[in-house]
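Visitor: The numbering of the sequence shown is the working numbering, which starts it at 2 and goes up by one.
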Amino acid sequence: MIIPTMNRSHLLAEAVASVRRQFFPTSEYEIILVDNGSTDRTEELIKQLNQDGGKPICYVREERRGLHWARHAGAKVAQGEVLAYIDDDCVVEPKWLAELKRAYQELDADAAGGKILIRWDREPPSWVIPYEEVLGKLDYGSEMMLLQAGQYINGGNFSIRRERLFEIGGFNPDQIDNYLIGDGETGLCDKIYRMGWRMIWVPSALVWHLQTVDRNATLRDLRRRFWNNGIANAYAILKRQPKGRCRLLCRSVRSFCHFIAYKLRVVRHHILRNDDAYRWCKFQEAYHKAQVVYYLRLIWDRRLRWVVWRDDWINE
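1. My output table needs one value for residue 113: the three-state DSSP class, helix, strand or coil.
2. In angstroms with no decimal places, state the Cα-to-Cα distance between residue 145 and residue 79.
3. State the Cα-Cα distance for the pair residue 81 and residue 264, rounded to the nearest angstrom.
4. Please give the ranges of any beta strand (DSSP E) in the segment 177-237, keeping only runs that are unbroken, at least 3 residues long and fully inside the region.
5. Measure the beta-carbon distance from residue 133 to residue 206 and round it to whole angstroms, keeping in mind my assumption that it falls under 8 Å.
6. As a quick exercise: from 173, 21, 277, 220, pick the residue whose alpha carbon is nearest that of residue 96.
7. Where in the segment 112-146 do unbroken runs of the alpha helix (DSSP H), each at least 4 residues long, occur, reported from the N-terminal end onward?
8. Could you pull out every residue in the same chain whose Cβ sits closer than 7 Å to the Cβ of residue 284, ignoring the five residues on either side in sequence?
9. Should residue 14 be labelled buried (16 or more other beta-carbon atoms within 10 Å of its own) or exposed?
10. Please determine, among 162, 89, 220, the residue with the shortest C-alpha to C-alpha distance to residue 109.
11. Looking at C-alpha atoms only, which residue of 28, 47, 33 is the closest neighbour of residue 11?
12. With burial defined as no fewer than 16 other Cβ atoms inside 10 Å of the residue's Cβ, what is the status of residue 280: buried or exposed?
13. What is the DSSP secondary structure of residue 40, reduced to helix, strand or coil?
14. Going by DSSP, what residue range makes up the beta strand (DSSP E) through residue 160?
15. Does the Cβ of residue 215 have 16 or more other Cβ atoms within 10 Å, making it buried, or fewer, making it exposed?
16. Considering only DSSP beta bridges, list what residue 85 is partnered with.
17. Which of the three DSSP states is assigned to residue 62 in this structure?
18. Comparing C-alpha positions only, which one of 282, 297, 268 sits nearest to residue 251?
19. Starting from residue 35, follow its DSSP beta bridges and name the residues at the other end.
20. Does the distance from the CB of residue 43 to the CB of residue 9 come in under 9 Å?
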């Protein structure tokens, strides 16, 4: 199993402890932690955890910033047939690996993922709960099933056969520092569906996504996430339907019109003190503004266009 991380040493100990507590033969899995250029005490923490005993952690350093680079660095050193990923702010249930294994043994999965629920550090404000899916919550129900096109697995609870990941070109670009340039595991899921491979939903393979009220239950953080979603969706559209510069300009104009419309609604709902509608319009404003910026940048930035058109990010 692979944990990419960057500057989250304060969360890693709990994540690692949860994967060490698996009800699974220790000889049948490995723990790979990929440090994506951390400047905190991540490396020191892993050395300390290894000295303290327990299942060894393989520490890998990947200096190229980007979640996809970190995920691929882990895949390249992994020895197992199946790669299981979580994020560094996640905690897995003790039966997580055993439940994922069922998908590969019983349903011949090419990829599989499970339920993600939010674990708050304290009670969040009620208005945040409807937005938990934006914060990473994923729930397709309580039955194991074959997923269909349009149903996506989050990277915080994602597994795939190693040979399949290399065959399909790996994860799409994702977040680099605080900026998103692509659609990450969502794009990988699309590639899996296009290949006709089997992706299985395993609800009993449960992961908890750790969120703090002070940081994540805020307008600012949710606007950032809607901004990122705007970029990811624009990237996905362009991957399916490549366009020239004129069409990109048309898309940017259309997104700009949506942005202005939501901007006006923000003002209206602020005056009327309609808080729920105000928040929703603020989020949509961020979503469409992100697309305007992204499309315009694509027109002038040759390197970004190359990033969008590139298909293989793992076989170098």
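Cβ atoms here follow ideal geometry from the backbone N, Cα and C, with glycine treated the same way.
Guide: Quick look at the numbers:
1. On the sequence shown, position 112 is the one that residue 113 refers to. It is a strand residue.
2. By one-based count along the sequence shown, residue 145 stands at place 144. By one-based count along the sequence shown, residue 79 stands at place 78. If you take the alpha carbons of residue 145 and residue 79, they lie about 27 Å apart.
3. The residue you call residue 81 lines up with position 80 of the sequence shown. The residue you call residue 264 lines up with position 263 of the sequence shown. Roughly 50 Å separates the two Cα atoms.
4. Correct list: 200-212.
5. Here the question's residue 133 lines up with position 132 in the sequence shown. Here the question's residue 206 lines up with position 205 in the sequence shown. By a beta-carbon distance limit of 8 Å, residue 133 does not contact residue 206. Their separation comes to about 19 Å.
6. Position 95 of the sequence shown, counting from 1, holds the residue named residue 96. For residue 96, the nearest C-alpha among the options comes from 21.
7. Within the segment 112-146, no complete alpha helix (DSSP H) run reaches 4 residues.
8. Within the sequence shown, residue 284 is the residue found at index 283, counting from 1. Closer than 7 Å at Cβ, skipping near neighbours: 223, 224, 227.
9. In the sequence shown, counting from the first residue as 1, residue 14 sits at position 13. Exposed is the call here.
10. Taking the first residue of the sequence shown as 1, we reach residue 109 at position 108. Nearest option by C-alpha distance: 162.
11. The count along the sequence shown starts at 1 and reaches residue 11 at position 10. Closest by C-alpha distance to residue 11, out of 28, 47, 33, is 47.
12. Along the sequence shown, one-based indexing puts residue 280 at 279. Buried is the call here.
13. As a first step, residue 40 must be located in the sequence shown, where it is residue number 39. DSSP places residue 40 in coil when its eight states are reduced to three.
14. Position 159 of the sequence shown, counted from the start, is the residue given in the question as residue 160. Counting along the chain, the beta strand (DSSP E) containing residue 160 begins and ends at 159-162.
15. Position 214 of the sequence shown, counting from 1, holds the residue named residue 215. Residue 215 is exposed by the Cβ-count criterion.
16. Residue 85 sits at position 84 when you count from the first residue of the sequence shown. Residue 85 is bridged to 160.
17. Position 61 of the sequence shown, counted from the first residue, corresponds to residue 62. In this structure, residue 62 counts as strand in the three-state DSSP scheme.
18. What you label residue 251 is simply residue 250 of the sequence shown in a count that begins at 1. For the set 282, 297, 268, the Cα lying nearest the Cα of residue 251 is the one of 297.
19. For this step, residue 35 is matched to residue 34 along the sequence shown. 5, 61.
20. Taking the sequence shown and counting its residues from 1, one reaches residue 43 at position 42. Taking the sequence shown and counting its residues from 1, one reaches residue 9 at position 8. With contacts defined by Cβ atoms closer than 9 Å, residue 43 and residue 9 form a contacting pair.
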